[in-house]
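Undergrad: Protein chains in written order, with full-length UniProt numbering: chain A, 1 to 332; chain B, 1 to 332; chain C, 1 to 332. Using N, Cα and C, we set each Cβ at its ideal position, and we do this for glycine too.
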Amino acid sequence: MASRSKLVRVLFQTSVRLSTPLRSYCSAPGQHSIIFRPRRALLFVAGNDERKICKIPTLDADCVVMDCEDAVAPSKKDEARKTVTRMLDEVDFGRTECAVRINSVDSGLADDDLLAILQAKNLPSAIVLPKVESVEEMQTFAANLNTAVAEIEVNPTFDLFAILESAKGLMNLQPILQEIVSLSDMSPFRLAALAFGSEDFAADIGASRTSEATELLYARQMVVLAAKAFGLQAIDYASVDFKDTESLKRQAEEGARFGFTGKVAIHPLQVPIIQQAFSPSPERVVWARGLIQAFQQHQQEGKGVFMYEGRMIDKPILLQAQNMVQSEAVEK
Amino acid sequence: MASRSKLVRVLFQTSVRLSTPLRSYCSAPGQHSIIFRPRRALLFVAGNDERKICKIPTLDADCVVMDCEDAVAPSKKDEARKTVTRMLDEVDFGRTECAVRINSVDSGLADDDLLAILQAKNLPSAIVLPKVESVEEMQTFAANLNTAVAEIEVNPTFDLFAILESAKGLMNLQPILQEIVSLSDMSPFRLAALAFGSEDFAADIGASRTSEATELLYARQMVVLAAKAFGLQAIDYASVDFKDTESLKRQAEEGARFGFTGKVAIHPLQVPIIQQAFSPSPERVVWARGLIQAFQQHQQEGKGVFMYEGRMIDKPILLQAQNMVQSEAVEK
Amino acid sequence: MASRSKLVRVLFQTSVRLSTPLRSYCSAPGQHSIIFRPRRALLFVAGNDERKICKIPTLDADCVVMDCEDAVAPSKKDEARKTVTRMLDEVDFGRTECAVRINSVDSGLADDDLLAILQAKNLPSAIVLPKVESVEEMQTFAANLNTAVAEIEVNPTFDLFAILESAKGLMNLQPILQEIVSLSDMSPFRLAALAFGSEDFAADIGASRTSEATELLYARQMVVLAAKAFGLQAIDYASVDFKDTESLKRQAEEGARFGFTGKVAIHPLQVPIIQQAFSPSPERVVWARGLIQAFQQHQQEGKGVFMYEGRMIDKPILLQAQNMVQSEAVEK
């Protein structure tokens, strides 16, 4: 027996040693334990529209995105940068988180956007980067952000929301995500969310948008899968017909069922509908609170895995419960 | 002419030689010609539930999976291991194949599961490994199994069913499969099936389960595609509401239409409904028998490709026919 | 300030230098600016059916594919090669583009197909390669085509349509596409289109075909995504029941909505229905003409990005408009 046993082990170890071992794609173990603040509705507003930005505090949105990109005509880019920077300092956004969408790396405008916005005393907590398509542009973005941050007194860390809105971006999603995670170690940002940009994506692949969005099913579910594999939030597409609140409700509820954690809003009327759809039900919150309590008790008793309401509880489910309780706290 | 021709060839060959050639992902040619035994219903039963295990032989299931993982509370793991090992030797399972689900590599319990179960005189024919997520854990599993097998007299080869039930597992599916195939050469297992674990997957990505399962469409079809690319069986998710036989029938028939070869059952009542849904129709069996006969005839005449009922017949279709005839034989 | 700034930059650059940089998958920038001729209906006809081939000029199809593969029995291969070669020279196909489907690399027949067809004075403008599954067979195809072209007087470049019709082919899609793009540089072809072969694919994964084609959704949308990421046309599956024109219309319109640019036809009756479904609406053509005009005006004024009907216009949208106008021109 002993000799066969030894032989098998030696052969096995040799085989493992000789073959170049494959690496798993997503190896961001730390990421999986992050609890992000709830971002159910991300309300976009043109960066040069001061009147609309000043109304934001009354809208009870989880997050506002002041836009320097597609909502701003090329001739207004500089005006937008200045307005956004001033608004960050002048407006009290209350419980609403402030994010800024800069222009894409490819546009050549992102660098100036970053330099301008980092002049604000109240820095935005998140940066939204559109049209993410390649590993190389993520390297450029990280370099630009490092340079811009080096010019200011404070030492911020931004949450990054990457918008995927092209075939190329989705095709490159895995290497892009690995690169971002690796760049994060040396840069003042951490990747927090993937957002799916439906209109640009549909134009890029030549698809026609429908209310059911079957044409986007593959792409949307790919974005959810990748986001969750890397421990990120997943933001669903903007429903552009803001008067059709019935469709919005249906689309938002579907997004929540698919695993998205939030959705882009392009009009204040959409905010409450979206936030309702992405809020956990009261029963789920009760379930989540009970689970967290059971977890804490088992921790004190030094036990690892445990059962809760007939189910084996592991890390992902605990994290889901913690996120649920936090969403609910915001709702109040 | 001659000189241009030569030049083109030299340039072409140089270009091929100089560039590091890309490799195709799935290169398991042998796998594609394997005919597996039919596994339409995989009936799961808690490993420590002796009463239920003893009833298995009366249920006419293709395969029973005695579970040491999620159906067994942490405090009962050792009891489950001992019961499973004893049941393997004491119960005559008749035509039903015996498989054992061990705990995940990540749990730290898989090693003891393997050591215990391999003490049985009647070894299970298949091992079910849950929560497969990374290349590294497959290396650990292979090492553990090699060690456990080295301790016993016989020299078994197990069929391995890998359960995919997380975003990370699906994101890493391709490298995981390549690694398993490469590890198989030096280890006492061959990968036979991929199973999709819907409940854990939905919890992991934060999706809400519906009866239509649109929220799982991308993941399920990815699992079918990967399984078939590597010549494996594909096992669809457990329908948890076992009293709703109408939904089960519909879900099982959809799974079969999608290309799954079987489905998890969690209650004896589900077995006949699932096995019916994954059985070929009498017309298809007649078609398959005729095709196999035509193939054998063409083989004798030394011909390769051939036409059958207006269709060019190649290897995958022949294999499909062979599997169909085998399923039907089991049905009797 | 300065020292911290410098430190961050040095650290950042070191980190980037030290880690092996990931590469993006699709890096075919040139491809993205190609305008292909419209190929809405690709009408397949058996290469040995002279009578049917002679009728092609009356059918107003965008593209005819004379088939040496599945439509031709093994014993008729040589007859098909000779007929196709003769038809290329004898028939005036008018506005209809001529393509030839050769046998798969794996069949061992592709080499002889190429040598025969390249004897025609009027070479086909496109070659259709079926059952594309691996990087290695693309290398063989390129080598064979280089050899065959070296034998003739002229110096053609063929558009290549690659048919994906197996699990393995889809699993390997990304490395296959990268390899084809890289081989194109030294070979007399450029990849122009990906086509999805539904019947062989369904047989390969063991799926049952339905009229709604949900069983193919993942695979079809993967093909569209990959095609568009590499700047290619995407050709949807053949609807085999050619008498059911209602289903065909519905299926063709869905394909167009998904982003496919054309569809395989297997019967002359299908051609007008398909070409209608893949033609842009009059309103879209007006939109596209306006956009192109606006673009040309902005070009003259030296401006880059610009707004058109409330939307920021970038390269992919411009290209879409150019393709639309060209489709419409053909329609007349």
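1) Can you list the alpha helix (DSSP H) stretches of 4 or more residues lying completely in the region 181-224 of chain C, in chain order?
2) Is the CB of Val224 of chain B under 8 angstroms away from at least one CB in chain C?
3) Can you grab the Cα-Cα spacing for the pair Pro130 of chain B / Gly231 of chain B, in whole Å?
4) With a cut-off of 8 angstroms, do at least 3 Cβ pairs link the region 83-98 of chain C to the region 56-68 of chain C?
5) Can you tell which of C:Gln233, C:Asn122 and C:Asp70 has the C-alpha that lies nearest to the C-alpha of Asn48 of chain C?
6) Just the Cα atoms here: how many angstroms apart are Ser208 of chain C and Arg40 of chain B?
7) Would you mind working out which of B:Ala229, B:Asp200 and B:Lys228 sits nearest Ser239 of chain B, comparing C-alpha positions?
8) Straight-line CA distance for Leu194 of chain C to Leu216 of chain B?
9) Quick check: Ala265 of chain A and Phe36 of chain A, are their CB atoms within less than 8 angstroms of each other?
10) State whether the region 73-81 of chain A contacts the region 135-150 of chain A, with contact taken as three or more CB pairs (one from each stretch) at a distance under 8 angstroms.
11) Check whether chain C comes within 8 angstroms of Gly30 of chain A, counting only Cβ atoms and requiring the distance to be less than that.
12) By DSSP's criteria, Ile313 of chain A is part of a beta bridge. Which residues make up the other side?
13) Using 8 angstroms for Cβ pairs, my map puts Glu188 of chain C next to Val132 of chain C. What's the rounded Cβ distance?
14) Contact criterion: CB-CB distance below 8 angstroms. Does Gly259 of chain B meet it with respect to chain C?
15) Could you name the residues that DSSP lists as bridge partners for Arg40 of chain C?
16) Alpha carbon to alpha carbon, how far is Lys243 of chain B from Met87 of chain B?
17) Going along the chain, which residues of its own chain have a beta-carbon closer than 6 angstroms to the beta-carbon of Leu115 of chain B, five neighbours each way excluded?
18) Quick one: does Pro156 of chain A have its CB under 8 angstroms from some CB of chain C?
19) Can you tell me which residues form a DSSP beta bridge with Phe161 of chain B?
20) Confirm, please, whether the CB-CB distance from Asp89 of chain A to Ala126 of chain A is below 8 angstroms.
21) Whose CA, out of A:Phe158, A:Asp241, A:Asn323 and A:Thr83, lies closest to the CA of Arg289 of chain A?
22) Should Ser247 of chain A go down as buried or exposed, given a rule of 16 or more other Cβ atoms within 10 Å for buried?
23) Could you please give me the residues that DSSP links to residue 343 of chain B through a beta bridge?
24) Given this structure, state the Cα-to-Cα distance separating Leu318 of chain C from Leu164 of chain A, to the nearest angstrom.
25) Of the choices C:Arg284, C:Tyr308, C:Ala142 and C:Glu79, whose alpha-carbon is the least far from that of Phe295 of chain C?
26) Could you compute how far the alpha carbon of Val285 of chain B sits from the alpha carbon of Val325 of chain B?
27) In whole angstroms, what separates the C-alpha of Ile180 of chain A from that of Phe158 of chain A?
28) Residues in the region 192-206 of chain A with C-beta within 7 angstroms of chain C's C-beta atoms, listed in sequence order?
29) Helix, strand or coil for Cys68 of chain B? Go by DSSP, reduced to three states.
30) Would you identify the three-state DSSP class for Glu133 of chain B, choosing helix, strand or coil?
31) In chain order, what residues of the same chain have a beta carbon less than 6 angstroms from the beta carbon of Gly197 of chain A, not counting five sequence neighbours either side?
32) Write down every uninterrupted run of the beta strand (DSSP E) in the region 86-156 of chain C whose length is 3 residues or greater and which is fully enclosed by it, in chain order.
33) Check Asn323 of chain B in the structure and name its three-state DSSP category.
34) If we call anything under 8 angstroms between Cβ atoms a contact, is Val128 of chain B one with Ala99 of chain B?
35) What in chain C is Cβ-close to Pro124 of chain A, meaning under 8 angstroms?
36) Assuming Asp204 of chain A contacts Ala167 of chain A (C-beta within less than 8 angstroms), just tell me the rounded distance between them.
TA: Result, derived from the coordinates:
1) Listed in chain order, the complete alpha helix (DSSP H) runs (minimum 4 residues) inside the region 181-224 of chain C are 198-205.
2) It does; some Cβ of chain C falls within 8 angstroms.
3) Straight-line measurement puts the Cα of Gly231 of chain B at about 20 angstroms from the Cα of Pro130 of chain B.
4) A contact is defined here as three or more CB-CB pairs under 8 angstroms, and the region 83-98 of chain C meets this definition with respect to the region 56-68 of chain C.
5) Comparing Cα positions, the closest option is C:Asp70.
6) When rounded, the distance between both Cα atoms is 16 angstroms.
7) Checking every option, the nearest Cα to that of Ser239 of chain B belongs to B:Asp200.
8) Leu194 of chain C and Leu216 of chain B: Cα-Cα distance of roughly 26 angstroms.
9) Taking C-beta atoms as the reference points, Ala265 of chain A and Phe36 of chain A fail to come closer than 8 angstroms.
10) The answer is no - the region 135-150 of chain A does not touch the region 73-81 of chain A, with fewer than three Cβ pairs under 8 angstroms.
11) For Gly30 of chain A, the pLDDT reaches just 42, beneath the cut-off of 50, and the residue's location in the model is therefore unreliable, leaving the point undetermined.
12) In DSSP, Ile313 of chain A forms a bridge with A:Phe306.
13) According to the sequence provided, residue 188 of chain C is Pro. The question's Glu does not apply to it. Their Cβ separation, rounded to whole angstroms, is 18 angstroms, which puts Pro188 of chain C and Val132 of chain C out of contact at 8 angstroms.
14) Judged by the 8 angstroms Cβ criterion, Gly259 of chain B is in contact with chain C.
15) In the DSSP output, where bridge partners are listed per residue, Arg40 of chain C has none listed.
16) For Lys243 of chain B and Met87 of chain B, the distance between alpha carbons rounds to 28 angstroms.
17) Once the five neighbours on either side are set aside, the close Cβ partners of Leu115 of chain B are Ala148.
18) Not one chain C Cβ lies under 8 angstroms of Pro156 of chain A.
19) In DSSP, Phe161 of chain B forms a bridge with B:Val128 and B:Ala193.
20) Going by C-beta atoms, Ala126 of chain A is not nearer than 8 angstroms to Asp89 of chain A.
21) The residue among A:Phe158, A:Asp241, A:Asn323 and A:Thr83 with its C-alpha nearest the C-alpha of Arg289 of chain A is A:Asn323.
22) Burial call: exposed.
23) Lying outside 1 to 332, the shown extent of chain B, residue 343 of chain B is not represented and no answer is given.
24) Straight-line spacing of the CA atoms in Leu318 of chain C and Leu164 of chain A works out to 19 angstroms.
25) Cα-wise, what sits closest to Phe295 of chain C is C:Tyr308.
26) Cα-Cα distance, rounded: 6 angstroms.
27) The straight-line gap from Cα to Cα measures roughly 13 angstroms.
28) Answer in chain order: Ala203, Asp204, Ile205 and Gly206.
29) Residue state, collapsed to three classes: coil.
30) DSSP places Glu133 of chain B in the coil class of the three-state scheme, outside both helix and strand.
31) Apart from the 5 residues on each side of it in sequence, Gly197 of chain A sits with its Cβ closer than 6 angstroms to the Cβ of Ile163 and Glu165 in its chain, given in chain order.
32) With a minimum length of 3 residues, the continuous beta strand (DSSP E) runs that stay inside the region 86-156 of chain C are 97-101 and 126-129.
33) Looking at Asn323 of chain B - three-state DSSP - the assignment turns out to be helix.
34) A contact, by the Cβ cut-off of 8 angstroms.
35) Simply none; closest approach about 20 angstroms.
36) So it is a contact: roughly 6 angstroms between Cβ atoms.
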